[in-house]
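Mapping of the sequence shown onto full-length UniProt numbering: position 5 corresponds to residue 5, and the numbering continues sequentially without gaps.
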Amino acid sequence: MSDGNLEPSNHDGMAAFPGPKNTTILVRNHELSNSTGTRVPGVEVPNPYDPICRGGTTTLIVGPDRQLIKQFGSLGGTIRNCAGGLTPWGSWISCEEDTTTPSPTNRVIKPHGYNFEVPASATSPVDPVPLVAMGRFNHEAVAVDPETGYVYQTEDRGDSLFYRFIPTVPGQLKEGGILQALRIIGRPGVNTNSGFVVGQKLGVDWVNIPDPNPTTTDNVRVQGRNLGAAQFNRGEGIWYNDNKDKKDNNGKGEFYFTATSGGPVGGGQVWRYIPGDETIELFVESQSKDELDMPDNIVVAPFGDLILCEDGNGENFLRGVTPNGELYNFARNALNDSEFAGACFSPDGRTLFVNIQTPGITVAIWGPWNSNRG
Numbered sequence: 001m002s003d004g005n006l007e008p009s010n011h012d013g014m015a016a017f018p019g020p021k022n023t024t025i026l027v028r029n030h031e032l033s034n035s036t037g038t039r040v041p042g043v044e045v046p047n048p049y050d051p052i053c054r055g056g057t058t059t060l061i062v063g064p065d066r067q068l069i070k071q072f073g074s075l076g077g078t079i080r081n082c083a084g085g086l087t088p089w090g091s092w093i094s095c096e097e098d099t100t101t102p103s104p105t106n107r108v109i110k111p112h113g114y115n116f117e118v119p120a121s122a123t124s125p126v127d128p129v130p131l132v133a134m135g136r137f138n139h140e141a142v143a144v145d146p147e148t149g150y151v152y153q154t155e156d157r158g159d160s161l162f163y164r165f166i167p168t169v170p171g172q173l174k175e176g177g178i179l180q181a182l183r184i185i186g187r188p189g190v191n192t193n194s195g196f197v198v199g200q201k202l203g204v205d206w207v208n209i210p211d212p213n214p215t216t217t218d219n220v221r222v223q224g225r226n227l228g229a230a231q232f233n234r235g236e237g238i239w240y241n242d243n244k245d246k247k248d249n250n251g252k253g254e255f256y257f258t259a260t261s262g263g264p265v266g267g268g269q270v271w272r273y274i275p276g277d278e279t280i281e282l283f284v285e286s287q288s289k290d291e292l293d294m295p296d297n298i299v300v301a302p303f304g305d306l307i308l309c310e311d312g313n314g315e316n317f318l319r320g321v322t323p324n325g326e327l328y329n330f331a332r333n334a335l336n337d338s339e340f341a342g343a344c345f346s347p348d349g350r351t352l353f354v355n356i357q358t359p360g361i362t363v364a365i366w367g368p369w370n371s372n373r374g
């Protein structure tokens, strides 16, 4: 890379930002654990959060011709940076999907299970500050409501919750805030893995998490469940859609998020939450792993469809979903059986960037997108 280090592997969540002179800035996660092995390059930075830990982010500058100009480590010393999310103020929130704490045997010196913020404009490694108030748990992804500044968060556990973080100062996540979990009205503690009808809107409210930062146990979700929060089977990707060009929901903004192992066949679900109405609904549910096999990262395409990154067993696809909830194949990983990850569109909407996690490849796919099928 431009900083003299080897490019890390295990590419995962990613976002695209506008750069100078029509460039695109990509901030990319690397889902590396301490047990990955020394043969797999980690993120090397001079100021790691926890020196023994090998995960983090890299920042890439891509020219208008889609050629790589520069890349460097931008966050280091973290564990299993799985997904995250972009903010309206131009940063990437990188999420740790690991709650390791220091012990005599693991050589870890700091607690993990946090989010970290990386400005897209950073030209060198950032100061790694954990966003403690956003919770310590198996984070997966985040998305910000630009109208309120609230940050919505997913959790990769079989009994995960869906969270929102209300910052004390919108846009300044380091200043703290309140962590809450979603509860479905009239169905306290419900497991959403089955028994829900596609398209049925359900009213929701929110419960406060008493202790967002438990020091020794991974029990944030247990706290929420004890207060009636709904359970989701492995919450993963989430994306905000402003919906201003659509008649659905009267143009109200909406969030789509995946439950990777949800549904009757364990092939996954996509949920839609509308903050303006405080409703949630099941939007897509896999009836066969041939049509949808464990959706992970998610993005709303410029032409209005969802693009889902599969993390299933065997052959993996990018699956498209129309505004009516119809599934179709967008692309297939013809290289290997590794997952797709980090799908995001360039600021001009012309290029889709996506990762193949192993061995660690970022590819560019471009249009013109002449129809809503690419």
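Just so it is clear, CB atoms sit at the ideal spot from N, CA and C, and this is done for glycine as well.
- Contact check for Ala-259 against Gly-253 fails: the beta carbons are separated by 8 Å or more.
- With a contact defined as Cβ atoms closer than 8 Å, Leu-202 and Thr-279 qualify at about 6 Å.
- As summarised for the region 287-339, the continuous beta strand (DSSP E) elements at least 3 residues long and confined to that stretch are 295-300, 306-310, 317-321, 327-332, given in chain order.
- A straight-line Cα-Cα distance of about 13 Å links Pro-125 and Thr-78.
- At a Cβ-Cβ threshold of 8 Å, Ala-364 and Arg-28 do not count as neighbours.
- The residue from Glu-31, Leu-131, Trp-366, Gly-276 with its alpha-carbon nearest to that of Gly-251 is Gly-276.
- The three-state reading of DSSP puts Val-265 in coil, since its state is none of H, G, I, E or B.
- Residue pairing from DSSP leaves Val-45 without any beta-bridge partner.
- Around the Cβ of Leu-308, a 10 Å sphere holds 16 or more other Cβ atoms; the residue is buried.
- Beyond the five residues adjoining it in sequence on each side, Gln-200 comes within less than 8 Å, by CB distance, of Glu-281, Leu-282 in the same chain, given in chain order.
- Distance from the CA atom of Asp-12 to the CA atom of Pro-368, rounded to whole angstroms, is 25 Å.
- Per DSSP, Asn-29 is one residue of the beta strand (DSSP E) stretching across 24-30.
- As the crow flies, the alpha-carbon of Gly-320 is around 14 Å from that of Val-354.
- In this structure, Leu-173 sits away from Glu-97, with a CB-CB distance that is not shorter than 8 Å.
- For the 8 Å CB-CB criterion, Gly-90 and Phe-165 do not form a contact.
- Separation of the CB atoms of Asn-115 and Val-142 is rounded to 7 Å, and the pair is thereby assigned contact status at 8 Å.
- When the alpha-carbon of His-112 is set against those of Pro-51, Asn-336, Ala-301, the nearest one is in Pro-51.
- DSSP assignment within the region 208-259 yields the following whole beta strand (DSSP E) runs of 3 residues or more, N-terminal first: 235-241, 254-259.
- Between Lys-70 and Asp-3, the alpha-carbon positions lie close to 9 Å from each other.
- Non-local beta-carbon contacts of Ala-331 in its own chain, meaning distances under 6 Å to residues more than five positions away in sequence, involve Leu-318 in chain order.
- Checking the DSSP bridge columns, you'll see Cys-95 partnered with Asn-115.
- Taking Val-222 as the centre and dropping the five residues before and after it, the same chain places no C-beta closer than 8 Å to its C-beta.
- Glu-281: member of the beta strand (DSSP E) spanning 279-285, first to last residue.
- At least 8 Å separates the beta-carbon of Pro-20 from that of Pro-41.
- Gly-189 places its beta carbon 8 Å or farther from that of Pro-170.
- Check the Cα spacing between Tyr-256 and each of Val-197, Asn-106, Asp-296, Leu-26: the tightest is with Asp-296.
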